[in-house]
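Q: Okay, so the sequence shown: first residue is 102 according to the working numbering, each after it adds one.
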Amino acid sequence: MINYITLGTNDLERAAKFYDELLALVGGKRAMANERSVGWVGPKGGPMLMIMKPFDGKPATPGNGTMVALTADSPEQVAALHAKALALGGTDEGAPGPRGDAFHCGYFRDLDGNKWNAFYLKR
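(1) Given Trp-141, which residues of its chain have a CB within under 7 angstroms of its CB, disregarding the five upstream and five downstream residues?
(2) Hey, is the stretch 153-160 in contact with the stretch 175-185, meaning 3+ C-beta pairs nearer than 8 angstroms?
(3) Could you round the C-beta distance between Gly-207 and Ala-196 to whole angstroms and report it? I think they count as a contact, below 8 angstroms.
(4) Take Glu-194 and list the residues in its own chain whose beta-carbon comes closer than 7 angstroms to its own, dropping the five residues that flank it on each side.
(5) Where does Ala-226 sit, in a helix, a strand or coil, going by DSSP?
(6) For Thr-110 versus Lys-154, is the C-beta distance shorter than 8 angstroms?
(7) Which of helix, strand or coil does DSSP assign to Pro-176?
(8) Mind checking Val-139: buried by the 16 CB within 10 Å criterion, or exposed?
(9) Does the distance from the CB of Pro-163 to the CB of His-205 come in under 8 angstroms?
Shown next as structure tokens:
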């Protein structure tokens with residue numbers, strides 16, 4: 102259904118380093134890179150996450166109401182992803198913890214202000 106998600110960045114090299122380290126915690130690996138974009142896939146393939154300099158040449162800005170969620174294997178991995186994002190210069194948008202009976206998540210923003218959620222869904 103979804104092939105890839107693109108997030109804008111104003112500093113491709115800085116953002117790529119952020120995502121190299123963050124996504125490594127969930128098995129993410131670079132699938133492609135060029136002078137305008139970098140993309141990662143998970144260990145099982147699936148949709149790609151891409152960061153990209155905007156085609157129109159204007160500054161990248163985070164979308165209001167836009168959020169990307171990373172799947173975690175446990176509440177502990179949610180906490181590790183959240184902590185890693187903050188250690189890499191991201192900002193806190195909501196500490197890791199339960200949200201209802203089955204949903205455990207932590208919210209953060211990347212270096213360009215894009216909102217993320219690391220989540221674990223108990224099944």
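Cβ atoms here follow ideal geometry from the backbone N, Cα and C, with glycine treated the same way. Remember, predicted model here, so these are calculated numbers, not experimental data.
A: With the structure as the only source:
(1) Within the sequence shown, residue 141 is the residue found at index 40, counting from 1. For Trp-141, where only same-chain residues beyond five positions count, the Cβ hits under 7 angstroms are Tyr-120, Leu-124, Gly-129, Lys-130, Arg-131, Ala-132, Met-149 and Leu-150.
(2) no
(3) For this step, residue 207 is matched to residue 106 along the sequence shown. For this step, residue 196 is matched to residue 95 along the sequence shown. Confirmed, Cβ separation roughly 6 angstroms.
(4) Along the sequence shown, read from residue 1 onward, the residue named residue 194 stands at position 93. Counting only Cβ-Cβ distances below 7 angstroms, and skipping sequence neighbours, we find Tyr-208, Phe-209, Arg-210 and Lys-216.
(5) Summary: the structure shown does not reach residue 226, with the chain confined to residues 102 through 224, and so no result is reported for it.
(6) Here the question's residue 110 lines up with position 9 in the sequence shown. Here the question's residue 154 lines up with position 53 in the sequence shown. Going by beta carbons, Thr-110 and Lys-154 fall inside the 8 angstroms limit.
(7) The residue labelled residue 176 in the question sits at position 75 within the sequence shown. Residue state, collapsed to three classes: helix.
(8) Walking along the sequence shown from the start, residue 139 turns up at place 38. Under this definition Val-139 is a buried residue.
(9) Taking the first residue of the sequence shown as 1, we reach residue 163 at position 62. Taking the first residue of the sequence shown as 1, we reach residue 205 at position 104. The answer is no: Cβ separation not under 8 angstroms.
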